[in-house]
Amino acid sequence: MTSSNGRGLLHLAAAVDQRAAYDAGSYVELARLAERGALDFVTLGDSFARPGPDALAVLTHVAPATGRIGLVPTVTTTHTEPFHVQAAVATLDWVSGGRAGWQLDVSTTEGEARLFGRRHAAPLDALWQEAGEVADVAARLWDSWEDDAEIRDVATGRFIDRDKLHHVEFEGSAFSVKGPSTVPRPPQGHPVRVVDATEGPARRTAARHADVALVRVVSPAQAAPLRDELREVARESGRSPESLRVLASLLVDLGDGEHAAEPGHGGGGPRPTAHGPLYRGGPVDLAELIATWHQAGAVDGFHLTPVEPRRDLERLVNGTVALLQHRGLFRTFYPGSRLREHLGLARPAHRYAVTGGAS
Numbered sequence: 500m501t502s503s504n505g506r507g508l509l510h511l512a513a514a515v516d517q518r519a520a521y522d523a524g525s526y527v528e529l530a531r532l533a534e535r536g537a538l539d540f541v542t543l544g545d546s547f548a549r550p551g552p553d554a555l556a557v558l559t560h561v562a563p564a565t566g567r568i569g570l571v572p573t574v575t576t577t578h579t580e581p582f583h584v585q586a587a588v589a590t591l592d593w594v595s596g597g598r599a600g601w602q603l604d605v606s607t608t609e610g611e612a613r614l615f616g617r618r619h620a621a622p623l624d625a626l627w628q629e630a631g632e633v634a635d636v637a638a639r640l641w642d643s644w645e646d647d648a649e650i651r652d653v654a655t656g657r658f659i660d661r662d663k664l665h666h667v668e669f670e671g672s673a674f675s676v677k678g679p680s681t682v683p684r685p686p687q688g689h690p691v692r693v694v695d696a697t698e699g700p701a702r703r704t705a706a707r708h709a710d711v712a713l714v715r716v717v718s719p720a721q722a723a724p725l726r727d728e729l730r731e732v733a734r735e736s737g738r739s740p741e742s743l744r745v746l747a748s749l750l751v752d753l754g755d756g757e758h759a760a761e762p763g764h765g766g767g768g769p770r771p772t773a774h775g776p777l778y779r780g781g782p783v784d785l786a787e788l789i790a791t792w793h794q795a796g797a798v799d800g801f802h803l804t805p806v807e808p809r810r811d812l813e814r815l816v817n818g819t820v821a822l823l824q825h826r827g828l829f830r831t832f833y834p835g836s837r838l839r840e841h842l843g844l845a846r847p848a849h850r851y852a853v854t855g856g857a858s
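Here is the structure:
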């Protein structure tokens, strides 16, 4: 699908992270605000390296309080059991009616490893190889139930057609999984997988397995080669490069009013910081930046992290998004109910029913 400017549809997402916030209502409020702007999805970060609520559990609570917006928690693939992770993400897809995603991340420090006591910290290359294997086995487990495997026949007492359950028989570098899953195939087939592909070790995993790749860049000139590289690796991996959405990740500080645009940018950025590229300015110039980068074909959209969550997200929705909608560059309503539909991604075919694979 294309927008009125001839480019692919613009995709927008926002983080709803809050420092030291444990009340569920604040996350519901931010997700509803993002949904009012028809954003594709919200993300919520998580890490074993810092205290905070469990992102997947929080967004599972947010799910029944929202109706359309995608919900993407960060779930590390290091020190966690792949079988449990895929079941939890599949459950989020079920309780949200097909709006779940999953941002894969790895745990790199010895301190995180000591929390579990099973193994020492490993090099990034090995961790991201393992993350790719977890993404692979998750998809296989989501496919371990055929779509019509549930019978639910009260008269005969049959709940499942066992001929439509499949063992995945997966052997990875650090784990093995037999399956099948304990959760029926999710509404989306495969919940959406998101990977921050900025750093080299994560890039191949993103290209091979992600539906959405995030890149932290400060200009279209920096973004375009990364997007091309990701899509080329996706092609080499046997995927359609058009099935990978590449979003630029920016921190946004919309609290200082409008500023004169710098050449090639809007407002006072984006500029590199220790936490990633930062845009500081007003909603109008941010809308211009987004439009310029997208029309240049550098990215498929943006993932924006508000510096002040409530203030900046409100200004983003009421200002930046409203301007993009007025220019016909962004949707004014959700045409579907599932995250894959928001992203223009097809529901994956069931591998075992199609190929007659392992059972």
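Heads up: the sequence shown runs through residues 500 to 858, numbered per my numbering. Glycine residues also receive a C-beta, built at the ideal position from the N, C-alpha and C atoms. Just so it is clear, the structure is predicted and the values come from calculations on it, not from any experiment.
DSSP three-state assignment for aspartate 539, whether helix, strand or coil: coil
Backbone CA spacing between glutamate 840 and proline 550 [nearest angstrom]: 34 Å
From glutamate 807 to leucine 511, what distance separates their C-alpha atoms? 18 Å
Using the DSSP secondary-structure output, state which residues sit across from leucine 749 in a beta bridge. Leu803
Using the three-state DSSP reduction, which class does alanine 759 fall into: helix, strand or coil? Unreliable positioning characterises alanine 759 in this predicted model, as indicated by a pLDDT of 46, which lies under 50. A coordinate reading is not provided.
According to the neighbour-count rule (16 or more other Cβ atoms, all chains shown, within 10 Å of its Cβ), is glycine 814 buried or exposed? As written in the sequence, residue 814 is arginine, which differs from the glycine given in the question. Under this definition arginine 814 is a buried residue.
Give me the Cα-Cα distance between valine 561 and valine 571, rounded to the nearest whole angstrom. 11 Å
Excluding five sequence neighbours on each side, which residues of the same chain lie with their C-beta closer than 7 Å to the C-beta of threonine 681? Ala586
Could you check where the alpha helix (DSSP H) with proline 679 kicks off and where it finishes? Note, proline 679: premise wrong, no alpha helix (DSSP H); not H, not E.
Contact the stretch 790-801 vs the stretch 510-525: 3+ CB pairs below 8 Å: yes
According to DSSP, simplified to helix, strand and coil, what is glycine 505? Bear in mind that a pLDDT of 43 at glycine 505, under 50, signals an unreliable position, so the model cannot answer this.
On the three-state DSSP scale, how would you describe histidine 764? With a pLDDT of only 45 at histidine 764, under the threshold of 50, the placement of this residue in the model should not be trusted; the figure read from the coordinates follows. Coil at histidine 764, not helix or strand.
Mapping the DSSP letters down to three states, classify isoleucine 650 as helix, strand or coil. strand
Tell me the DSSP secondary structure of histidine 560 in three-state form. helix
So, are the CB atoms of leucine 838 and valine 667 less than 8 Å apart? no
Considering only residues of the stretch 563-605, which uninterrupted alpha helix (DSSP H) runs meet the minimum length of 4 residues and lie entirely inside it, listed in chain order? 581-594
By DSSP's criteria, leucine 777 is part of a beta bridge. Which residues make up the other side? Leu750, Arg770
Assuming the contact rule is C-beta atoms closer than 8 Å, alanine 548 and threonine 608 should be a hit. Round their C-beta distance to whole Å, please. 6 Å
Quick one: what's histidine 863 bridged to in DSSP? Outside the displayed range of the chain (500 to 858) lies residue 863, so it cannot be described from this structure.
Looking only at its chain, what residues have a beta carbon closer than 7 Å to the beta carbon of isoleucine 659, apart from the 5 residues adjacent to it on each side? Ala648, Glu649, Ile650
Just to confirm, is the Cβ distance from threonine 542 to alanine 630 under 8 Å? no
According to DSSP, what are the bridge partners of alanine 712? Val694, Val745
Do the CB positions of valine 693 and alanine 709 come within less than 8 Å of each other? yes
At which residues does the alpha helix (DSSP H) containing glycine 610 begin and terminate? 609-615
The stretch 635-644 / the stretch 605-619 touching (three or more Cβ pairs under 8 Å): no
Write down the C-beta distance between glycine 569 and glycine 600 rounded to the nearest angstrom, noting that I regard them as a contact closer than 8 Å. 6 Å
To which residues does DSSP link tryptophan 644 through a beta bridge? Leu664
Bridge partners for glutamate 670 per DSSP, in chain order? Ser675
Could you tell me the alpha carbon to alpha carbon distance between alanine 514 and serine 675, rounded to whole angstroms? 33 Å
What distance in whole Å lies between the Cβ atoms of alanine 637 and valine 584, which are believed to be in contact at a cut-off of 8 Å? 7 Å
When the Cα atoms are used, what is the spatial distance from serine 718 to aspartate 592? 34 Å
Neighbourhood of glutamate 580 by C-beta distance below 6 Å, restricted to the same chain and skipping five residues each side: none
I'd like to check one pair, alanine 786 with leucine 725: are the Cβ atoms closer than 8 Å? no
Could you spell out where the alpha helix (DSSP H) holding proline 719 opens and where it closes? 719-735
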